[in-house]
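Report on the following structure.
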Amino acid sequence: MITRTTSVMRQAQAARNMMAAAGQYAELQNQATTYRKLNRPSDDPSGTANAVAIRASQAASQQHTRNIQDGIGWLTTLDSSLMSVDSLLTRARDLTIQGANDGSMSAAAKEAIASELEAIRDSLLKEANTQYQGRFVFAGTTDQSAAFEQNYTFNGVPGSTVERRIADQKTVRVDADGQSVFGAGPASMFALLDGIAADLRAGVNVKSRIGEIDTYAEQVRNAQATVGSRHSNVLTSQEALATRTVELESQRSGIEDIDITKVVGDLQMQELIYQTTLSVTARATQLNLMEYLR
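Heads up: the sequence shown runs through residues 12 to 305, numbered per the working numbering.
Here it is as structure tokens:
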């Protein structure tokens with residue numbers, strides 16, 4: 012069966028072609044203005060779903076980046092404090108060796124050593140109460156006013172740890188157990204230095220105390236090694252996260268962003284098509300039976 016093409020059918024088809032050309036032209040204009048391929052979910056439902064998933068991953072990566080920066084701050088503060096503690100204990104050991112030479116030191120010299128040991132004790136106590144952004148790095152999750160009191164009592168929460176999530180399935184501890192490093196109460200390095208100073212003033216030989224200082228120094232160095240390992244771990248994760256961040260942004264851009272050069276070229280072509288369609292549609296609407304009969 013042969014279908015006769017009427018003027019009404021021709022005009023309707025021309026109108027549809029014009030609307031399609033106008034729609035494509037408007038879409039390209041929108042892309043060129045926003046620099047985005049996806050302005051509505053209907054533009055690409057599958058692409059939109061992928062873009063949402065990628066943006067969720069980017070948000071998680073941004074949080075991990077903040078956590079890493081905070082963790083680096085904690086660990087750097089810890090490392091610096093432990094280095095100071097190690098240096099102070101080394102000086103205390105040297106002074107104790109000097110004080111152990113009973114036969115060659117006067118009472119005044121021993122008093123000077125005892126006074127310096129007490130000053131070192133005060134410096135050690137200050138290091139034990141080191142803070143990062145208002146938190147005591149040797150006190151775990153405690154909210155007390157200090158990690159150690161002036162009587163050497165430890166205020167930290169036993170077994171508590173401060174951790175930061177640096178990847179989806181990875182956390183790192185960023186604090187240190189102050190009691191393991193410094194001891195507490197009468198069994199602390201602070202009390203040890205008090206005891207050495209008292210022995211010097213009382214004329215007691217302090218040679219046996221050198222080994223006790225060495226024991227605390229070993230604890231401090233072990234803590235330094237642990238902190239250094241965590242710090243290295245965090246820095247490695249930071250590098251991996253930086254690479255992952257670039258990859259995610261590349262994936263997001265590939266789905267959402269336009270190639271501006273291509274879109275401008277397509278826009279110019281579509282503008283020509285649209286103008287041609289307008290011209291053809293205008294001519295088609297004039298061609299009816301009455302026009303032929305003139």
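Glycine included, C-beta positions come from ideal geometry on N, C-alpha and C.
With 16 other Cβ atoms within 10 Å as the buried cut-off, status of residue i
| i | result |
| --- | --- |
| residue 238 | buried |
| residue 139 | buried |
| residue 88 | buried |
| residue 183 | buried |
| residue 133 | exposed |
| residue 60 | exposed |
| residue 235 | buried |
| residue 141 | buried |
| residue 96 | buried |
| residue 64 | exposed |
| residue 198 | exposed |
| residue 187 | buried |
| residue 165 | buried |
| residue 207 | buried |
| residue 231 | buried |
| residue 121 | buried |
Residue of the options minimising C-alpha distance to residue i
| i | options | result |
| --- | --- | --- |
| residue 116 | 211, 76, 241 and 259 | 211 |
| residue 213 | 62, 259, 125 and 73 | 125 |
| residue 73 | 266, 259 and 265 | 259 |
| residue 225 | 247, 189, 193 and 167 | 193 |
| residue 163 | 218, 215, 189 and 94 | 189 |
| residue 80 | 261, 265, 257 and 250 | 250 |
| residue 168 | 180, 152, 206 and 160 | 152 |
| residue 144 | 165, 121 and 83 | 83 |
| residue 123 | 263, 209 and 101 | 209 |
| residue 90 | 102, 262 and 233 | 233 |
| residue 104 | 187, 64, 221 and 196 | 221 |
| residue 217 | 230, 62 and 203 | 203 |
Residue i versus residue j: straight-line alpha-carbon distance, rounded
| i | j | result |
| --- | --- | --- |
| residue 106 | residue 131 | 10 Å |
| residue 200 | residue 177 | 34 Å |
| residue 70 | residue 170 | 32 Å |
| residue 240 | residue 118 | 45 Å |
| residue 248 | residue 157 | 31 Å |
| residue 243 | residue 86 | 10 Å |
| residue 246 | residue 252 | 10 Å |
| residue 160 | residue 180 | 37 Å |
| residue 223 | residue 175 | 34 Å |
| residue 255 | residue 58 | 20 Å |
| residue 215 | residue 77 | 54 Å |
| residue 62 | residue 266 | 7 Å |
Cross-strand partners of residue i (DSSP beta bridge)
| i | result |
| --- | --- |
| residue 143 | 146 |
| residue 174 | 184 |
| residue 165 | 159 |
Residue i: first and last residue of the uninterrupted alpha helix (DSSP H) it sits in
| i | result |
| --- | --- |
| residue 202 | 200 to 213 |
| residue 87 | 56 to 110 |
| residue 117 | Careful: residue 117 lies outside any alpha helix (DSSP H) and carries neither H nor E. |
| residue 192 | 189 to 193 |
Below-8 Å beta-carbon distance, residue i vs any chain B residue
| i | result |
| --- | --- |
| residue 58 | Protein chain content of the structure displayed is limited to a single chain, and chain B is not contained in it. |
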